[in-house]
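Notes for the one structure printed next.
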Amino acid sequence: LHNRLRLVADTAAGITNSVVLSGQYDSRDEIFDPHRGAFYQTAAEVAGGPLLGDNDLYRLTAEARWFVALGGEFVLALRAMGGRLIPYGRTKKAPYYEQFSLGGRNYLRGYPDRSLGPDTVPGTAAGRYGPAIVNANIELRGAYVLGRVAPVGFLDCGQITSGAVDLLLRRLEFGAGAGIRVRTPIGPIRLDWGKRLKSPPPGDWGRLYFGILHAF
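Mapping the sequence shown onto UniProt numbering, position 56 (from 1) lands on 56, and the numbers just tick up by one.
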């Protein structure tokens, strides 16, 4: 769920040594284009301490996806995920390249990549980050016309915060839109148009996104 950011040496540098314990459960009928079933994933990561390195961190993440066949090849797809980064020991604040980011074609359509969060990288245009993430998505996937092209409508929401209290103050951001899916032997190819719903800036007509496979 997190992005490790590579930064120039004079902005931020450090080595993170970690151990990750993770688990998954997958009952989807298909991996690339599911119609029913669920997928659950959780992970706990410990960095630093006896593992050495420059950063002492705990990271907890969880994700759930559900797929409901509605009949006529229509599918309701839902995803919810969250994560928390907790520094300890020598680390008072997690470095930027270990924090969470949000926005873009896979998580919050209508918003630029790395556009949400309380922290920035000083002296760069690398975006915004934070130690806690919440994200949820819902898609209504239509039937493939002639077995090839299907319409999709979606609603995304999420936020990057400093913690639970900050989330209550910042509120969630929302994006919505529509797109098409083209069935191919390697999975669906997608084209989405997403629009920011909460306080869009003047002249914001939305954003186009191209990708291979569904967003989730």
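Each residue gets a CB set at the ideal place from its N, CA and C atoms; glycine is no exception.
Residue pairing by DSSP places I180 opposite P151 and L191 in a beta bridge. For the 8 Å CB-CB criterion, G153 and L172 do not form a contact.
DSSP lists M81 and G158 as the beta-bridge partner residues of N135.
Judged by DSSP in its simplified three-state form, R59 adopts strand. Excluding five sequence positions before and after G37, the CB atoms of its chain that fall closer than 6 Å to its own CB belong to S27, R28, D29 and F67, given in chain order.
In the DSSP annotation of this structure, the continuous segment of the beta strand (DSSP E) that includes Q41 starts and ends at G37 to A47. In the structure shown, D166 falls within a helical segment according to DSSP collapsed to helix, strand and coil.
Per DSSP, the beta-bridge partners of W66 are A38 and L78.
Assigned with DSSP and collapsed to three states, L51 falls in helix. Judged by DSSP in its simplified three-state form, Y97 adopts helix. Annotation: H214 to N106 spans about 8 Å, alpha carbon to alpha carbon.
No Cβ-Cβ contact shorter than 8 Å links D192 with R114. Rounded to whole angstroms, T120 and R128 show a C-alpha spacing of 5 Å. Around the Cβ of I133, a 10 Å sphere holds 16 or more other Cβ atoms; the residue is buried. Approximately 7 Å separates the beta-carbon atoms of G48 and T91; this is inside 8 Å, confirming the contact.
Taken atom to atom, the span from the alpha-carbon of G53 to that of Q24 is near 28 Å.
Distance check between T184 and each of T16, A77 and A150 places A150 closest, using alpha-carbon atoms only.
Considering only A143, R181, L116 and T124, the residue with the shortest C-alpha distance to K198 is L116. Assignment of L140 by DSSP, reduced to helix, strand and coil, places it in the strand class.
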